[in-house]
Amino acid sequence: SSSWEELKNGLVLLTWQNTNNPKSQTLNPNSVWFHDHAIAMGNLYTATKKTEGNFQVVERTAMLPSANISPGTYRLEASYLNRVSGEIYAINTPNKTIIINPDATSTPAPELDLITQLRTLATNLPKGTEAVEKIFDSVARINQYDPTQDYLLQAQLTSEYRLRHYSSDSDLAYTVALANVLQRQVKSAIKSLERVTQIDNKNPFAWAYLAFVRLYNWQPGAAEKALKTALEINPNQREITALSGVAALMRGNFIKAWDNLSVLTN
1 SSSWEELKNG LVLLTWQNTN NPKSQTLNPN SVWFHDHAIA MGNLYTATKK TEGNFQVVER
61 TAMLPSANIS PGTYRLEASY LNRVSGEIYA INTPNKTIII NPDATSTPAP ELDLITQLRT
121 LATNLPKGTE AVEKIFDSVA RINQYDPTQD YLLQAQLTSE YRLRHYSSDS DLAYTVALAN
181 VLQRQVKSAI KSLERVTQID NKNPFAWAYL AFVRLYNWQP GAAEKALKTA LEINPNQREI
241 TALSGVAALM RGNFIKAWDN LSVLTN
């Protein structure tokens, strides 16, 4: 419970940490998972004109540990992050634990919140073209449940904060990049994809994503540099070769454009 303004602007950073594994500067997906989101998933409304005093919010939702989470006992740690002021402080939580047991009987659960769904989709971006098609099909469905698409901003802000502490985590970096792309924040998308290429620098698709956004922003020269790296990693990826053709066409190099774009007809 808190004031209306604090609740309305609040993001909660929920960390489930394995009690047998100490905290580390390197995120270990086998011993920790996050369930970050806005309070009430950003869906706070009131019919009261005067929002004085304290309000209480009760959430009932589902969580999704990573598929490779280690069995064991997990304890909750929580922090409050104000999305407007940037203020952050720890939240007192009950001394409760969850036991992860792969042999436990499954029980029905609510549908995952939209932020968790987006983060799960982002983990598939390193797989390339086929994954991208499925991601955008899923995003189109998700957007029907949140016409304001505030879940994108929630995912972006919470993942950016996490990256300050886990700067080498590719899942967080891809989540920020995907959220920025879907919000059509071109400059932020370029910046976040540059970070992706630093973390996942052996993945040709990371460089291709950066090149694609640079092409969208009419920066064919910068796009060609990214595509050069992508093709050095995987010279046989048709989609990357085609992007190289588009970059060449935008720069007036018609012969190179013809050579590279011809892969689409073969």
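Under the UniProt record's numbering, the letters of the sequence shown match residues 1 to 266, in that order.
All C-beta atoms, glycine included, are put in the ideal place defined by N, C-alpha and C.
- At a Cβ-Cβ threshold of 8 angstroms, Glu-59 and Gln-17 do not count as neighbours.
- When DSSP assignments are scanned along the stretch 40-99, the uninterrupted stretches of beta strand (DSSP E) that are 3 or more residues long and fall wholly within it turn out to be 72-82, 88-91.
- Distance from Ala-179 to Ala-140 at the Cβ level is roughly 15 angstroms; contact not present, criterion being Cβ atoms closer than 8 angstroms.
- Residue range 10-18 is occupied by the beta strand (DSSP E) that includes Gly-10.
- Counting every other CB atom within 10 Å of its CB across the protein chains shown gives His-37 a total of 16 or more, marking it as buried.
- A distance below 8 angstroms separates the beta carbons of Ser-66 and Pro-29.
- Taking each of Gly-245, Leu-210, Arg-214, Phe-34 in turn and checking the Cα distance to Asp-113, the smallest one comes out for Phe-34.
- With fewer than 16 other Cβ atoms inside 10 Å of its own Cβ, Glu-52 counts as exposed.
- Shown here for Ala-211: same chain residues with a beta carbon closer than 6 angstroms to its own, the five before and five after excluded, namely Ala-223, Ala-226, Leu-227, Leu-243 in chain order.
- Beta-carbon to beta-carbon, Tyr-151 and Ile-115 are separated by about 5 angstroms, close enough to satisfy the 8 angstroms threshold.
- Counted as a single uninterrupted DSSP element, the stretch harbouring Trp-218 is not any alpha helix (DSSP H), since DSSP gives it neither H nor E.
- Per DSSP, reduced to three states, the secondary structure at Ser-2 is strand.
- For a cut-off of 8 angstroms, the C-beta gap from Val-213 to Leu-193 is around 6 angstroms, short enough to register as a contact.
- When Cβ pairs closer than 8 angstroms are counted between the two stretches, the stretch 229-241 is seen to touch the stretch 197-212, the count reaching three or more.
- The three-state reading of DSSP puts Ala-179 in helix, counting H, G and I together.
- Only buried fits Gln-117, as 16 or more other CB atoms lie within 10 angstroms of its CB.
- A straight-line Cα-Cα distance of about 23 angstroms links Asp-103 and Thr-15.
- Taking a C-beta distance under 8 angstroms as the contact criterion, Ala-247 and Pro-204 do not qualify as a contact pair.
- Assignment of His-165 by DSSP, reduced to helix, strand and coil, places it in the helix class.
- Nearest C-alpha to Pro-108 among Asp-146, Thr-61, Glu-87: Thr-61.
- Relative to Arg-119, the option among Arg-162, Leu-172, Glu-160, His-165 whose CA is nearest is Leu-172.
- The three-state secondary structure of Ala-242, taken from DSSP, is helix.
- At the C-beta level, Tyr-174 and Ala-122 come within 8 angstroms of one another.
- The beta-carbon distance between Asn-124 and Ile-135, rounded to whole angstroms, is 6 angstroms. This is short enough to meet the 8 angstroms contact definition.
- The Cβ atoms of Val-186 and Glu-160 do not sit closer than 8 angstroms to each other.
- If you check the CB distance, Leu-11 and Val-57 do not come in under 8 angstroms.
- Inter-residue distance for Lys-50 and Pro-147 is about 26 angstroms (C-alpha atoms, whole angstroms).
- Here Asn-82 has Glu-6, Asn-9, Gly-10, Leu-11, Ile-88 as same chain residues with Cβ atoms under 8 angstroms from its own Cβ, once five neighbours each way along the sequence are excluded.
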